[in-house]
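Residue numbers (the working numbering): 64 to 152.
What follows is one structure encoded as structure tokens, with my remarks underneath.
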Ligand SMILES: [Zn+2]
Ligand SMILES: [Zn+2]
């Protein structure tokens, strides 16, 4: 197990958000769905760039698309390998 989990009396604790899951499997799914532990990236809605992390995405937005300042970046989170078929007009 990596450092973001801890075993407790009531189950497996997610150190990222404090949620406790009954099983290790449940915790893994929770982490995959909710946290940036694997294969999460961000698609820029303006220029289509694929950003590797929330931090890079925020930096990208403030550098190139100031009009999107304050937008909820989680709306643009994706998982899995970046798809190539999304071609902007
Ligand atoms: Zn969590
Ligand atoms: Zn962009």
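Positions of the beta carbon are idealized from the N, C-alpha and C atoms, including for glycine.
**Backbone secondary structure at residue 143 - three-state DSSP** = Residue 143 falls in the coil class under three-state DSSP.
**Prompt:** Taking C-alpha atoms, which residue in 79, 83, 105, 125 lies nearest to residue 142?
**Reply:** Of 79, 83, 105, 125, the residue nearest in Cα terms is 105.
**Request:** Give the straight-line distance between the Cα atoms of residue 80 and residue 130, rounded to the nearest whole angstrom.
**Result:** C-alpha separation (whole angstroms): 31 Å.
**Message:** If the criterion is Cβ atoms closer than 8 Å, does the pair residue 117 and residue 125 meet it?
**Reply:** Result no, Cβ atoms of residue 117 and residue 125 do not sit closer than 8 Å.
**Request:** Go ahead and label residue 94 buried or exposed: buried means 16 or more other beta carbons lie within 10 angstroms of its beta carbon, across all protein chains shown.
**Result:** Under this definition residue 94 is a buried residue.
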